[in-house]
Amino acid sequence: MKCSIFKIITLLMVTVVLANNSQGQDLHFSQFFNSPLTTNPANTGFIPDANYRIGMNYRNQWSNIVPYKTYSVFGDAQLLRDKWYYGWIGIGGVLLGDNAGNGILTSNKLYASIAYHQLLGDNSLLTLGFNGGIAMKRIDISKLTFPDQFNDAYGKWFFDTKLPSGESFANSSIHYFDLQAGMNYAYFPTDNIYLNAGFSVQHLNTPKETFLAGGTNEIGRRYTGFLNASIKVSPNVIINPNAYYSNQSKASETVLGAWAAYNLSGEGGAFQFLAGAYYRLNDALIPLIGYQLRQWRLMFTYDVTVSSFNSADKSQGAYEVSLVYLGLYSKLNGHFNKRTYLCPHF
0 MKCSIFKIIT
10 LLMVTVVLAN
20 NSQGQDLHFS
30 QFFNSPLTTN
40 PANTGFIPDA
50 NYRIGMNYRN
60 QWSNIVPYKT
70 YSVFGDAQLL
80 RDKWYYGWIG
90 IGGVLLGDNA
100 GNGILTSNKL
110 YASIAYHQLL
120 GDNSLLTLGF
130 NGGIAMKRID
140 ISKLTFPDQF
150 NDAYGKWFFD
160 TKLPSGESFA
170 NSSIHYFDLQ
180 AGMNYAYFPT
190 DNIYLNAGFS
200 VQHLNTPKET
210 FLAGGTNEIG
220 RRYTGFLNAS
230 IKVSPNVIIN
240 PNAYYSNQSK
250 ASETVLGAWA
260 AYNLSGEGGA
270 FQFLAGAYYR
280 LNDALIPLIG
290 YQLRQWRLMF
300 TYDVTVSSFN
310 SADKSQGAYE
320 VSLVYLGLYS
330 KLNGHFNKRT
340 YLCPHF
């Protein structure tokens with residue numbers, strides 16, 4: 000009986016939040032470093048170990064409570080790197096989607112990105128980038144339940160969907176324009192050391208987002224900062240530490256950790272074993288494992304809940320998969336192309 004009551008309360012809380020505050024939490028990935036265009040638009044064409052990349056991410060969260068699935072497909076490339084003496088342009092695009100509560104709330108976002116990358120001598124780089132696009136959300140009102148529909152008339156607790164909900168929905172779908180901006184700085188003094196810091200602001204135009212009649216909900220700006228490094232500690236090992244912080248309204252997220260690449264194939268690093276771990280402050284421990292086969296990089300992470308919410312999800316937070324292809328142009332003749340890679344490589 001206690002278990003049933005707990006499930007009812009959990010479902011009630013989730014459905015009410017979905018209906019009244021549809022923005023909830025922005026789409027996010029534990030592998031933020033493998034979702035570059037959603038982390039910072041200045042990452043567009045900011046590819047230290049390649050000239051172009053194509054990737055995808057998939058995240059499945061809270062599968063044993065109320066499923067929350069997120070995916071993204073992205074691509075970006077460097078333009079004019081062989082024409083301009085001290086810089087290049089990055090262009091790209093990303094498709095984002097997510098599905099919450101078995102289809103109760105679905106969202107899709109399509110963004111185009113552009114960035115300019117300016118070399119500051121031979122050892123550093125400064126970048127400014129923007130992305131903008133359309134966000135679309137749809138809510139299936141028929142799958143929602145509300146406190147006014149809670150019925151215990153016959154000694155049993157249940158939701159009676161025939162009862163009025165007490166809520167007034169103006170639309171079951173909405174769309175709006177969304178704008179982001181960001182900056183990056185990279186420092187690479189030697190072939191064995193690469194440092195990178197970035198800052199971005201999402202929802203720069205604070206778009207309005209609500210399904211309710213008379214609603215005035217605006218999406219708060221999201222501020223994100225990160226630090227990345229890549230250090231070659233031996234001929235066969237490269238360590239990549241990362242730090243990430245994001246703040247939106249009263250919610251914040253801090254992630255710290257590192258992953259390492261171990262070369263299994265000698266010079267060129269055609270085959271690499273990847274492993275690491277991250278910690279999301281007051282929320283989850285995130286082990287990582289992966290493999291790189293030439294230009295293809297596959298990573299898997301699993302969020303193990305360590306917060307008080309672990310009693311609800313039984314410490315099973317989320318799993319996440321990313322696949323990224325890193326490509327090089329066959330011929331580049333610009334000033335800086337004598338150094339193909341900006342970061343350590345095998």
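Position 313, counted from 1, in the sequence shown is what numbering that gives the first Met the number 0 calls 312; the numbers after and before it change by one each time, with no gaps. Ideal placement from N, C-alpha and C gives every residue a C-beta, glycine not left out. Here the structure is a predicted model, which is why all the values come from computation and not from measurement.
query: Starting from the C-beta of Y261, find all residues in its chain whose C-beta is less than 8 Å away, skip the five residues before and the five after it, and write them out in chain order.; result: N235, V236, Q271, F272, L273 and A274
query: Output the distance between the C-alpha atoms of G23 and K249, rounded to the nearest integer angstrom.; result: Residue placement at G23 is poorly supported in this model, since its pLDDT is 46, which falls under 50; the coordinates still yield a value, given next. Using only the alpha carbons, I get a separation of about 12 Å.
query: Suppose only complete runs of 3+ residues qualify. What are the beta strand (DSSP E) ranges in the segment 37–93, listed by chain order?; result: 51–60 and 67–78
query: On a Cα-Cα basis, can you pick out the residue from S112, T69 and L125 that is closest to W61?; result: T69
query: Does the distance from the C-beta atom of D75 to that of I90 stay below 8 Å?; result: yes
query: Please classify V323 as buried or exposed, where buried requires at least 16 neighbouring CB atoms within 10 angstroms.; result: buried
query: In chain order, what residues of the same chain have a beta carbon less than 7 Å from the beta carbon of S229, not counting five sequence neighbours either side?; result: Y193, I237, N239, C342 and P343
query: Among the residues of its own chain, which have a CB less than 6 Å from the CB of N50, if the five just before and after it don't count?; result: Q77, L327 and Y328
query: Just to confirm my understanding: we take L263, look at its own chain, exclude 5 residues before and 5 after, and list those with CB closer than 7 Å. What are they?; result: F270, Q271 and F272
query: Could you pull out every residue in the same chain whose Cβ sits closer than 6 Å to the Cβ of G96, ignoring the five residues on either side in sequence?; result: Y70 and N107
query: Report the partner residues of S245 according to the DSSP bridge assignment.; result: T223 and E252
query: Might you give, ordered along the chain, the residues of its own chain that have their beta carbon closer than 8 Å to the beta carbon of P206, omitting 5 neighbours on each side?; result: A134, Y175, F176, D177, E217 and I218
query: Just how far apart, CA to CA, sit R52 and P35?; result: 10 Å
query: Quick one, are the C-beta atoms of A111 and G86 less than 8 Å apart?; result: no
query: Could you tell me which uninterrupted beta strand (DSSP E) segments, each at least 3 residues in length, are contained entirely in the segment 173–234, listed from first to last along the chain?; result: 192–201 and 221–233
query: Would you please state the rounded distance, in angstroms, between the beta carbons of F28 and E319? I believe it to be under 8 Å.; result: 6 Å
query: Using a Cβ-Cβ cutoff of less than 6 Å, which residues in the same chain neighbour N195 once the five nearest sequence positions on both sides are dropped?; result: A185 and N227
query: Kindly give me the distance between the Cβ atoms of T43 and G128, rounded to whole angstroms, as I take these residues to be in contact under 8 Å.; result: 5 Å
query: Given T209, which residues of its chain have a CB within under 6 Å of its CB, disregarding the five upstream and five downstream residues?; result: N216
query: Does F270 come out as helix, strand or coil in the three-state DSSP assignment?; result: strand
query: What are the partner residues of R279, as DSSP defines its beta bridges?; result: V254 and A283
query: Take G267 and list the residues in its own chain whose beta-carbon comes closer than 7 Å to its own, dropping the five residues that flank it on each side.; result: F345
query: Relative to the C-alpha of Y277, which residue among W258, V93, I103 and R293 is closest?; result: W258
query: Return helix, strand or coil for P240, following the three-state DSSP convention.; result: strand
query: Within 10 angstroms of the Cβ of R58, are there 16 or more other Cβ atoms? Answer buried if so, exposed if not.; result: buried
query: Leaving out the 5 sequence neighbours to the left and right, which residues in its chain are closer than 6 Å to R279 when beta-carbon positions are compared?; result: V254
query: Measuring alpha carbon to alpha carbon, tell me which residue in I138, Q117 and A99 is nearest L211.; result: I138
query: Rounding to the nearest angstrom, what Cα-Cα distance links T105 and N122 in this structure?; result: 44 Å
query: Find the nearest neighbour of I285 within the set Q247, L292 and T300, judged by alpha-carbon distance.; result: T300
query: Evaluate N281 with the Cβ neighbour count: other Cβ atoms within 10 Å of its Cβ, from every protein chain shown; 16 or more gives buried, anything less gives exposed.; result: exposed
query: Could you give the residue range of the beta strand (DSSP E) that holds Q117?; result: L104 to L118
query: Are the beta-carbon atoms of Q247 and P40 separated by less than 8 Å?; result: no
query: Between which two residues does the beta strand (DSSP E) holding L341 run?; result: Counting along the chain, L341 falls outside any beta strand (DSSP E), and DSSP gives it neither H nor E.
query: What number of angstroms, rounded off, separates the C-alpha of V72 from the C-alpha of Q291?; result: 19 Å
query: What separation, rounded to the nearest whole angstrom, lies between the Cα atoms of G120 and T126?; result: 14 Å
query: If you draw a straight line from the C-alpha of I288 to the C-alpha of V232, how long is it?; result: 19 Å
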